[in-house]
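**Student:** Take this structure, written in structure tokens, and hold onto it; I'll ask about it next.
Number of protein chains: 2
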Amino acid sequence: MTSLKDVAAAAGVSVATVSRMLNGSLELPLETKKRIEDAIRDLNYQPNPHARRLSRGRSDTIGLVVPDIANPFFATLVAAVEAEADKLGLAVSLYATLNRPGREVAYLQLIERNHVDGLIFVTNHPDTGQLAALINSTGKVVIADEDVPDAKAPKLFCDNEHGGYLAGQHLVEHGHRRVLFIGGPETMISSRRRQLGLERAICESGGSPADISIYHGEYTIEFGRDAARRFLADKRPATAIFASSDEIAIGLIEVLRAEGVSIPDDVSLIGFDDVGPLHLFAPPLTAIRQPVRSIGERAVALLLETNWQEAPRASETLLPVEIVVRRSVAPPTRQINRNENHQRTST
Amino acid sequence: MTSLKDVAAAAGVSVATVSRMLNGSLELPLETKKRIEDAIRDLNYQPNPHARRLSRGRSDTIGLVVPDIANPFFATLVAAVEAEADKLGLAVSLYATLNRPGREVAYLQLIERNHVDGLIFVTNHPDTGQLAALINSTGKVVIADEDVPDAKAPKLFCDNEHGGYLAGQHLVEHGHRRVLFIGGPETMISSRRRQLGLERAICESGGSPADISIYHGEYTIEFGRDAARRFLADKRPATAIFASSDEIAIGLIEVLRAEGVSIPDDVSLIGFDDVGPLHLFAPPLTAIRQPVRSIGERAVALLLETNWQEAPRASETLLPVEIVVRRSVAPPTRQINRNENHQRTST
Numbered sequence: 001m002t003s004l005k006d007v008a009a010a011a012g013v014s015v016a017t018v019s020r021m022l023n024g025s026l027e028l029p030l031e032t033k034k035r036i037e038d039a040i041r042d043l044n045y046q047p048n049p050h051a052r053r054l055s056r057g058r059s060d061t062i063g064l065v066v067p068d069i070a071n072p073f074f075a076t077l078v079a080a081v082e083a084e085a086d087k088l089g090l091a092v093s094l095y096a097t098l099n100r101p102g103r104e105v106a107y108l109q110l111i112e113r114n115h116v117d118g119l120i121f122v123t124n125h126p127d128t129g130q131l132a133a134l135i136n137s138t139g140k141v142v143i144a145d146e147d148v149p150d151a152k153a154p155k156l157f158c159d160n161e162h163g164g165y166l167a168g169q170h171l172v173e174h175g176h177r178r179v180l181f182i183g184g185p186e187t188m189i190s191s192r193r194r195q196l197g198l199e200r201a202i203c204e205s206g207g208s209p210a211d212i213s214i215y216h217g218e219y220t221i222e223f224g225r226d227a228a229r230r231f232l233a234d235k236r237p238a239t240a241i242f243a244s245s246d247e248i249a250i251g252l253i254e255v256l257r258a259e260g261v262s263i264p265d266d267v268s269l270i271g272f273d274d275v276g277p278l279h280l281f282a283p284p285l286t287a288i289r290q291p292v293r294s295i296g297e298r299a300v301a302l303l304l305e306t307n308w309q310e311a312p313r314a315s316e317t318l319l320p321v322e323i324v325v326r327r328s329v330a331p332p333t334r335q336i337n338r339n340e341n342h343q344r345t346s347t
Numbered sequence: 001m002t003s004l005k006d007v008a009a010a011a012g013v014s015v016a017t018v019s020r021m022l023n024g025s026l027e028l029p030l031e032t033k034k035r036i037e038d039a040i041r042d043l044n045y046q047p048n049p050h051a052r053r054l055s056r057g058r059s060d061t062i063g064l065v066v067p068d069i070a071n072p073f074f075a076t077l078v079a080a081v082e083a084e085a086d087k088l089g090l091a092v093s094l095y096a097t098l099n100r101p102g103r104e105v106a107y108l109q110l111i112e113r114n115h116v117d118g119l120i121f122v123t124n125h126p127d128t129g130q131l132a133a134l135i136n137s138t139g140k141v142v143i144a145d146e147d148v149p150d151a152k153a154p155k156l157f158c159d160n161e162h163g164g165y166l167a168g169q170h171l172v173e174h175g176h177r178r179v180l181f182i183g184g185p186e187t188m189i190s191s192r193r194r195q196l197g198l199e200r201a202i203c204e205s206g207g208s209p210a211d212i213s214i215y216h217g218e219y220t221i222e223f224g225r226d227a228a229r230r231f232l233a234d235k236r237p238a239t240a241i242f243a244s245s246d247e248i249a250i251g252l253i254e255v256l257r258a259e260g261v262s263i264p265d266d267v268s269l270i271g272f273d274d275v276g277p278l279h280l281f282a283p284p285l286t287a288i289r290q291p292v293r294s295i296g297e298r299a300v301a302l303l304l305e306t307n308w309q310e311a312p313r314a315s316e317t318l319l320p321v322e323i324v325v326r327r328s329v330a331p332p333t334r335q336i337n338r339n340e341n342h343q344r345t346s347t
């Protein structure tokens with residue numbers, strides 16, 4: 001299909017110029033206008049009515065709100081949104097909330113003030129109801145990655161439950177029965193659904209949720225370190241750990257390594273995200289891979305394709321995850337053998 | 001020293017509100033104004049005259065232009081600028097050039113249009129003269145990380161030459177004489193200066209620049225892969241490699257590992273940046289650490305402290321780097337022994 005970009009290239013003008021001519025917000029010299037019209041005709045370009053619905057007479061800018069750009073998951077998501085918006089002739093205004101709820105409210109109000117035509121919104125904490133109310137009143141917000149439960153908006157997540165299931169299935173296949181789940185914030189869907197998927201896999205294998213230990217916290221390196229210390233203080237309640245983000249896995253590996261705990265000989269580990277260079281870790285880390293770039297691309301598309309003139313309603317799109325098998329999961333029998341060897345040596 | 005943030009907290013208002021009251025761009029209810037004035041008096045707050053010079057009556061927004069947010073180095077830099085600007089009550093508009101020079105020009109023009117009060121500018125390619133001319137005409141631009149040579153502006157880099165020297169010295173101390181330098185773009189200062197520092201270390205040890213092989217390319221994983229293939233095709237022209245970015249090192253390690261080349265047994269490796277989780281790699285990667293967060297913080301300070309009413313002039317600030325020694329550099333004798341063993345086995 002011919003894109004706005006093709007038309008702009010053929011006419012020798014910027015995508016924004018074509019976009020603005022099409023929505024009537026820009027007066028152009030006749031000669032330029034004719035070049036664009038010729039390009040549209042020659043390439044048989046069909047303007048996207050949804051994009052025009054969003055941007056007519058407005059800023060041609062979409063906003064993107066994320067908690068923290070230094071986190072590689074969000075950085076990659078931002079880059080994907082930038083690239084996709086650029087293809088469509090839209091600019092992106094990025095807003096980092098730095099984990100301060102007051103900022104989220106301020107950014108949502110940018111829509112009402114026409115500073116942005118619409119917003120892709122990523123939160124990382126439970127809503128008190130304020131965010132949902134604001135989103136329902138402004139419209140033109142796509143919710144991505146984490147839910148704002150009462151918001152009536154298009155929502156886009158990775159298939160967290162299936163990711164948890166794939167992780168659990170992989171551990172079960174290697175013979176693990178006692179598993180530690182290290183989640184993010186307890187009430188957020190990313191953590192809840194990954195845990196549900198893990199529980200389903202364990203139950204299907206004949207186990208029970210009682211075989212799963214659970215630590216909840218933040219998706220940070222620091223929480224990964226805390227969780228590793230707690231795992232050791234708890235006398236290693238599991239033969240395998242499912243760490244629900246790259247950052248948690250990094251902090252966890254740091255501490256386990258410093259304490260002389262070998263992966264996978266002493267404990268198996270599976271991660272979630274697979275954005276960082278996990279394939280170069282010692283050992284290369286098995287992980288559930290999030291479709292980060294697809295989330296960014298689809299979020300832009302949802303913002304443009306939704307008919308915002310209609311009454312708002314919630315919809316949910318799930319993008320598929322996959323398991324990337326490397327070398328951080330081994331059968332627990334190796335661990336038992338090692339323990340026996342240790343005992344033999346010490347007696 | 002009391003900050004704007006302390007005043008805002010004491011008065012129970014946002015930093016932006018205090019900032020706007022101080023520069024006269026916001027009319028407040030008398031009661032709020034009094035609370036702020038009381039807080040200023042109680043805390044003995046001295047407004048920063050430079051910050052007011054930059055932002056008086058303007059957007060209270062600074063712009064940040066980076067090539068690519070998905071690169072963790074730039075993502076961390078962006079996060080540091082965001083955090084520092086936030087402390088000062090300024091918003092940040094982020095612009096990713098996606099490696100397209102036309103975008104850089106467009107973003108620089110935002111200053112003239114008063115969309116931003118000033119700009120922190122990071123490029124990643126040689127300038128044809130257009131960028132320098134624009135920067136010299138707009139003013140209010142701080143250049144960070146890579147140079148725009150003819151621009152008369154405050155410039156902020158890490159001490160690339162010293163970083164190259166530290167890397168060379170470390171390799172020399174381990175007995176390496178033949179070193180491969182994998183640089184970024186040949187004409188950019190980050191690459192030129194790192195190479196100069198490496199050459200100085202080699203020469204001081206009694207070697208000559210002729211002992212250094214040099215590959216130039218991009219600071220990308222893909223170029224790291226290409227460089228590794230070329231190193232092997234060139235029959236390993238060095239016993240140690242100095243890879244001048246995290247991304248290059250990642251691509252390089254991928255290919256070397258796939259080809260069965262062991263680090264540091266077959267070849268030593270030292271990196272540059274140390275932003276990614278290099279400490280978890282197999283082996284943990286020795287690297288020169290860039291002060292990424294300090295670069296972001298100082299860039300904001302330079303933008304606010306420079307007197308833009310004076311005639312523009314170039315100045316250069318260098319921030320210190322350090323070497324983080326891990327386990328990817330070993331004496332070349334181990335390599336020679338291995339080769340002898342190989343020969344013994346094969347005869």
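Heads up: the sequence lines are chains V and A, in that order.
Mind the numbering: the first sequence is residues 1 to 347 in UniProt numbering, read in order.
Mind the numbering: the second sequence is residues 1 to 347 in UniProt numbering, read in order.
By construction, the Cβ of each residue, glycine as well, lies at the ideal position given by its N, Cα and C atoms.
Predicted model only: the values in this text are computed from it and were never measured.
1) Check whether the Cβ atoms of Gly-251 (chain A) and Phe-281 (chain A) lie closer than 8 Å to each other.
2) List the whole-angstrom C-beta distance separating Ile-295 (chain A) from Leu-77 (chain A), where the pair is believed to meet the contact cut-off of C-beta under 8 Å.
3) In angstroms, rounded to a whole number, what distance separates the CA positions of Ser-55 (chain V) and Leu-64 (chain V)?
4) Using only CA atoms, which one of A:Pro-237, A:Val-15 and A:Asp-274 lies nearest to Val-325 (chain A)?
5) With C-beta atoms as the reference, is Leu-157 (chain V) less than 8 Å away from Val-142 (chain V)?
6) Please list, in chain order, the chain A residues whose beta carbon lies closer than 7 Å to that of Thr-76 (chain V).
7) Residues of chain A with CB under 8 Å from Glu-82 (chain V), in chain order?
8) Measure the CB-CB distance between Lys-33 (chain V) and Met-21 (chain V) and report whether it falls below 8 Å.
9) Helix, strand or coil for Glu-247 (chain V), going by three-state DSSP, please let me know.
10) Please confirm if Pro-149 (chain V) has its CB atom under 8 Å from at least one CB of chain A.
11) DSSP three-state call for Glu-314 (chain A): helix, strand or coil?
12) Leaving out five residues on either side along the sequence, give the residues of the same chain with a beta carbon under 7 Å from the beta carbon of Leu-4 (chain V).
13) Run through the region 141 to 217 of chain V for me and flag every whole alpha helix (DSSP H) of 4 or more residues, listed as ranges in chain order.
14) In chain V, what lies closer than 8 Å to Leu-110 (chain A) by C-beta?
15) Buried or exposed: which applies to Pro-49 (chain A), given that a residue is buried once 16 or more other Cβ atoms fall within 10 Å of its Cβ?
16) Looking at Val-300 (chain A): is its Cβ nearer than 8 Å to the Cβ of Glu-84 (chain A)?
17) Tell me which same chain residues have a C-beta within less than 6 Å of the C-beta of Ile-214 (chain V), skipping the five on either side of it?
18) Using a Cβ-Cβ cut-off of less than 8 Å, list which residues of the region 218 to 252 of chain A approach chain V; keep chain order.
19) Got a sec: is the Cβ-Cβ distance from Ser-59 (chain V) to anything in chain A below 8 Å?
20) Based on DSSP bridge pairs, tell me the residues matched to Ile-111 (chain A).
21) Looking only at its chain, what residues have a beta carbon closer than 8 Å to the beta carbon of Gly-12 (chain V), apart from the 5 residues adjacent to it on each side?
22) State the Cα-Cα distance for the pair Ser-137 (chain V) and Ala-311 (chain V), rounded to the nearest angstrom.
23) Could you say if the region 169 to 179 of chain A and the region 192 to 205 of chain A meet the contact criterion of at least three C-beta pairs nearer than 8 Å?
24) I want to see whether chain V comes within less than 8 Å of Val-7 (chain A), judged by CB atoms only; does it?
25) For Val-92 (chain V), which beta-bridge partners are listed by DSSP?
26) Whose C-beta lies closer than 6 Å to the C-beta of Gly-118 (chain A) among residues of the same chain, with five residues either side of it excluded?
27) I'd like the span of the beta strand (DSSP E) that includes Ile-323 (chain V), first residue to last.
28) Between which residues of its own chain and Leu-43 (chain V) is the CB-CB distance below 7 Å, once the five residues before and five after are set aside?
29) Considering only the beta carbon of each residue, do Leu-98 (chain A) and Glu-82 (chain V) sit closer than 8 Å?
30) Sorted by chain position, which residues of the same chain lie with C-beta nearer than 6 Å to Ser-328 (chain V)'s C-beta, five sequence neighbours on each side aside?
31) I'd like to know if Ser-328 (chain V) contacts chain A, where contact means its C-beta is closer than 8 Å to some C-beta of that chain.
32) What do you reckon, are the CB atoms on Pro-277 (chain A) and Gly-276 (chain V) nearer than 8 Å?
33) Is DSSP giving Ala-16 (chain A) helix, strand or coil here?
34) I'd like the list of long-range same chain contacts for Asp-145 (chain V), defined as Cβ closer than 6 Å, with 5 residues on each side in sequence excluded.
35) Quick check for students: name the residue ranges of the beta strand (DSSP E) that lie wholly in the region 226 to 312 of chain V, counting only runs of 3 or more.
36) Taking Phe-157 (chain V) as the query, report the chain A residues whose CB atoms sit under 9 Å from its CB, ordered along the chain.
**Tutor:** The relevant details are as follows:
1) Position 251 of the second sequence, counting from 1, holds the residue named residue 251 (chain A). Position 281 of the second sequence, counting from 1, holds the residue named residue 281 (chain A). No, the Cβ-Cβ distance between Gly-251 (chain A) and Phe-281 (chain A) is not below 8 Å.
2) By 1-based counting over the second sequence, the position of residue 295 (chain A) is 295. By 1-based counting over the second sequence, the position of residue 77 (chain A) is 77. With 8 Å as the limit, Ile-295 (chain A) and Leu-77 (chain A) qualify as a contact, their Cβ atoms being about 6 Å apart.
3) On the first sequence, residue 55 (chain V) is found 55 positions in, with the first residue counted as 1. On the first sequence, residue 64 (chain V) is found 64 positions in, with the first residue counted as 1. Low per-residue confidence applies at Ser-55 (chain V): pLDDT is 49, beneath 50, and the placement is therefore not dependable, though the value from the model is reported in the following sentence. Cα-Cα distance, rounded: 16 Å.
4) By 1-based counting over the second sequence, the position of residue 325 (chain A) is 325. Of the listed residues, the one whose Cα sits closest to Val-325 (chain A) is A:Asp-274.
5) One-based indexing of the first sequence puts residue 157 (chain V) at position 157. One-based indexing of the first sequence puts residue 142 (chain V) at position 142. Here residue 157 (chain V) is Phe; the residue named in the question, Leu, does not match the sequence. In this structure, Val-142 (chain V) does not lie closer than 8 Å to Phe-157 (chain V) by Cβ.
6) For the purposes of this step, residue 76 (chain V) is taken as the residue at position 76 of the first sequence. Here the neighbours are Ala-70.
7) To locate residue 82 (chain V), count along the first sequence from 1; it is residue 82. What Glu-82 (chain V) touches in chain A: Ile-69, Ala-96 and Leu-98.
8) Here residue 33 (chain V) refers to the residue found at position 33 when the first sequence is read from its first residue. Here residue 21 (chain V) refers to the residue found at position 21 when the first sequence is read from its first residue. Taking 8 Å as the Cβ cut-off, Lys-33 (chain V) and Met-21 (chain V) qualify as a contacting pair.
9) Along the first sequence, read from residue 1 onward, the residue named residue 247 (chain V) stands at position 247. Helix at Glu-247 (chain V).
10) If you number the first sequence from 1, residue 149 (chain V) lands on position 149. Chain A contact via Cβ: absent.
11) On the second sequence, residue 314 (chain A) is found 314 positions in, with the first residue counted as 1. For clarity, residue 314 (chain A) is Ala in the given sequence; the question names Glu instead. Coil.
12) Within the first sequence, residue 4 (chain V) is the residue found at index 4, counting from 1. Closer than 7 Å at Cβ, skipping near neighbours: Val-15, Val-18, Ser-19, Leu-88 and Gly-89.
13) 160 to 173 and 189 to 204
14) As a first step, residue 110 (chain A) is located in the second sequence; it is residue number 110 there, counting from the start. What Leu-110 (chain A) touches in chain V: nothing, since even the nearest Cβ is about 11 Å away.
15) Position 49 of the second sequence, counted from the start, is the residue given in the question as residue 49 (chain A). Low local confidence applies: a pLDDT of 46 at Pro-49 (chain A) is under 50, so the model's placement there is unreliable, with the coordinate-based value given in what follows. Counting Cβ neighbours within 10 Å, Pro-49 (chain A) comes out exposed, since fewer than 16 surround it.
16) Counting from 1 along the second sequence, the entry for residue 300 (chain A) is found at position 300. Counting from 1 along the second sequence, the entry for residue 84 (chain A) is found at position 84. Yes, they are a contact pair.
17) What you label residue 214 (chain V) is simply residue 214 of the first sequence in a count that begins at 1. Excluding residues within five positions, the ones whose Cβ falls inside 6 Å are Phe-181.
18) Ile-250
19) Here residue 59 (chain V) is taken as the residue at index 59 of the first sequence, counted from 1. Output row for Ser-59 (chain V): interface = no.
20) Along the second sequence, one-based indexing puts residue 111 (chain A) at 111. Note: Ile-111 (chain A) sits in no beta bridge, so no partner.
21) Mapped onto the first sequence, residue 12 (chain V) falls at position 12. Same-chain partners within the cutoff: Arg-35.
22) Start at 1 with the first residue of the first sequence, and residue 137 (chain V) comes out as number 137. Start at 1 with the first residue of the first sequence, and residue 311 (chain V) comes out as number 311. If you take the alpha carbons of Ser-137 (chain V) and Ala-311 (chain V), they lie about 11 Å apart.
23) yes
24) Indexing the second sequence from 1 puts residue 7 (chain A) at position 7. Not one chain V Cβ lies under 8 Å of Val-7 (chain A).
25) One-based indexing of the first sequence puts residue 92 (chain V) at position 92. DSSP, once it has assigned bridges, lists V:Ile-62 as partnering Val-92 (chain V).
26) If you number the second sequence from 1, residue 118 (chain A) lands on position 118. Closer than 6 Å at the Cβ level, and outside the excluded window around Gly-118 (chain A), lie Leu-54, Ile-62, Lys-140 and Leu-303.
27) The count along the first sequence starts at 1 and reaches residue 323 (chain V) at position 323. Residues 322 to 324.
28) The residue given as residue 43 (chain V) occupies position 43 in the first sequence. These residues qualify, in order along the chain: Thr-2, Asp-6, Val-7 and Ala-10.
29) By one-based count along the second sequence, residue 98 (chain A) stands at place 98. By one-based count along the first sequence, residue 82 (chain V) stands at place 82. A contact, by the Cβ cut-off of 8 Å.
30) Your numbering for residue 328 (chain V) matches position 328 in the first sequence. Closer than 6 Å at Cβ, skipping near neighbours: Ile-263, Pro-264, Leu-269, Pro-283, Leu-285 and Thr-286.
31) The residue given as residue 328 (chain V) occupies position 328 in the first sequence. It does not; no Cβ of chain A falls within 8 Å.
32) In the second sequence, counting from the first residue as 1, residue 277 (chain A) sits at position 277. In the first sequence, counting from the first residue as 1, residue 276 (chain V) sits at position 276. Yes. Within cutoff.
33) The residue you call residue 16 (chain A) lines up with position 16 of the second sequence. Ala-16 (chain A): helix per DSSP, three-state reduction.
34) The residue you call residue 145 (chain V) lines up with position 145 of the first sequence. Closer than 6 Å at Cβ, skipping near neighbours: Val-122.
35) 240 to 243, 268 to 273 and 286 to 289
36) As a working mapping, residue 157 (chain V) is identified with position 157 in the first sequence. Correct list: empty, because the minimum Cβ distance to chain A is about 21 Å.
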